[in-house]
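Chemist:
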Amino acid sequence: EREEREKHRERPLGDCKAPGGRAGGGEGEREMEGGAATRLSGDLLLTAALLLLQSGAGVILVSGECGEPPRLNDGFPDIDLTQTSFPVGTRIRYRCNEGFSLAEGKSPLITCQADSSWTAFVTVCEANSCGAPPDLLNGYYKTTSVVFGGIVTYYCNEGYNLVGKDTQNCIAHGWDGRTPVCDAVTCDDLPPIENGKTPPQLQENWEYENAATFTCNPTYTLIGERTIYCRANGTWSDIPPKCKVV
Numbered sequence: 001e002r003e004e005r006e007k008h009r010e011r012p013l014g015d016c017k018a019p020g021g022r023a024g025g026g027e028g029e030r031e032m033e034g035g036a037a038t039r040l041s042g043d044l045l046l047t048a049a050l051l052l053l054q055s056g057a058g059v060i061l062v063s064g065e066c067g068e069p070p071r072l073n074d075g076f077p078d079i080d081l082t083q084t085s086f087p088v089g090t091r092i093r094y095r096c097n098e099g100f101s102l103a104e105g106k107s108p109l110i111t112c113q114a115d116s117s118w119t120a121f122v123t124v125c126e127a128n129s130c131g132a133p134p135d136l137l138n139g140y141y142k143t144t145s146v147v148f149g150g151i152v153t154y155y156c157n158e159g160y161n162l163v164g165k166d167t168q169n170c171i172a173h174g175w176d177g178r179t180p181v182c183d184a185v186t187c188d189d190l191p192p193i194e195n196g197k198t199p200p201q202l203q204e205n206w207e208y209e210n211a212a213t214f215t216c217n218p219t220y221t222l223i224g225e226r227t228i229y230c231r232a233n234g235t236w237s238d239i240p241p242k243c244k245v246v
């Protein structure tokens, strides 16, 4: 019995076979779920790190590292886009594209955690608002949207002509260009009439819906329309009347 104990005591260390049938214990291989293999070296066992081969990605991650950060609609991570792995503790800040801003109360930061995952991703980029377009005197507008990328189109009421560009775009910092104006349509000056009086202009030009009323001298009778109007198409509603003796 004593001799048997001595045999066991004298057996050299390191003769045990490693998992998978390999001898030496320097490196082993274990089949993982899905057919992937994880290699464990002596050094990695001491540091408790694993080499993980991402299926189909061709990227090897070490435990304690995170893969590529999540994508952000209308934004981007402020990193070198060629980098594919990040050590634990890495903090990445997201920035929004031009015309977009970080939503109120949302953090732009994520952190690589010890379990090789990123912290919860709550960053949201929202389109900047240009606000309602300015009112258009004697006109109106229609919009596709009042946030970044939206377009406003202006129209004038009947009897008014649009002066300026009829559209504006919502860009990063507001509506681009100048708001157009609606100028009243004008009619030609009225000729004087014989034996009568042409009404004086009340302003520089005869404008849409202005009325001109004619009168004849004593003993003369007005033939035609006494009052004519400036129409939306820039013409008078009738020709000036005449004053004749009847």
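For the sequence shown, counting from 1, position 44 maps to 44 in the UniProt record's numbering; every step adds exactly one.
Idealized CB from N, CA, C, for every residue including glycine.
Bear in mind that the values here come from a model prediction, so they are computed numbers and not experimental data.
Could you name each continuous alpha helix (DSSP H) segment of 4 residues or more that falls completely within the UniProt domain "Sushi" (185–245), going from the start of the chain to the end?
Modeler: Qualifying alpha helix (DSSP H) stretches: none in this window.
Chemist: List the endpoints of the continuous beta strand (DSSP E) containing Thr167.
Modeler: That run of the beta strand (DSSP E) goes Thr167 to Ile171.
Chemist: So what does DSSP say about Ile79, is it helix, strand or coil?
Modeler: It is coil, neither helix nor strand.
Chemist: What is the C-beta distance between Glu209 and Thr186, in whole angstroms, given that I count them as a contact (C-beta under 8 Å)?
Modeler: Not a contact, Cβ separation roughly 11 Å.
Chemist: Looking only at DSSP bridge pairs, what is Asp183 linked to?
Modeler: Bridge partners of Asp183: Asn161.
Chemist: Would you kindly work out how many angstroms separate the C-alpha atoms of Arg95 and Gly64, rounded to a whole number?
Modeler: Roughly 25 Å separates the two Cα atoms.
Chemist: CA-CA distance, Leu61 and Thr82?
Modeler: Residue confidence is low: Leu61 scores 48 on pLDDT, short of 50, so the model does not pin down where it sits. Its coordinate-derived value is still stated next. Computed Cα separation, rounded: 15 Å.
Chemist: Would you be able to state if there are at least three C-beta pairs under 8 Å between the stretch 181–199 and the stretch 237–246?
Modeler: As far as the Cβ criterion goes, the stretch 237–246 touches the stretch 181–199, which means the pair count is three or higher.
Chemist: If I follow the unbroken beta strand (DSSP E) through Glu126, where does it start and stop?
Modeler: Counting along the chain, the beta strand (DSSP E) containing Glu126 begins and ends at Cys125 to Ala127.
Chemist: Do the stretch 137–150 and the stretch 107–118 meet, that is, are 3 or more Cβ pairs less than 8 Å apart?
Modeler: Short answer: they don't touch.
Chemist: According to the neighbour-count rule (16 or more other Cβ atoms, all chains shown, within 10 Å of its Cβ), is Glu33 buried or exposed?
Modeler: Model confidence at Glu33 stands at a pLDDT of 36, short of 50, so the residue's coordinates are unreliable; what they give is reported in the following sentence. Glu33 should be labelled exposed.
Chemist: Taking DSSP as the reference, what is the three-state secondary structure of Ser101?
Modeler: In the structure shown, Ser101 sits in a strand (DSSP, three-state: E or B).
Chemist: Excluding the five sequence neighbours on either side, which residues of its own chain have a C-beta within less than 8 Å of the C-beta of Lys165, listed in chain order?
Modeler: Here the set comprises Gly177, Arg178 and Pro180.
Chemist: Buried or exposed: Gln54, going by 16 or more other Cβ atoms within 10 Å of its Cβ?
Modeler: Only weak support exists for where Gln54 lies, its pLDDT of 39 falling under 50; the coordinates are left without a value.
Chemist: So, is Thr235 buried or exposed, given that buried needs 16 or more other C-beta atoms within 10 angstroms?
Modeler: Exposed is the call here.
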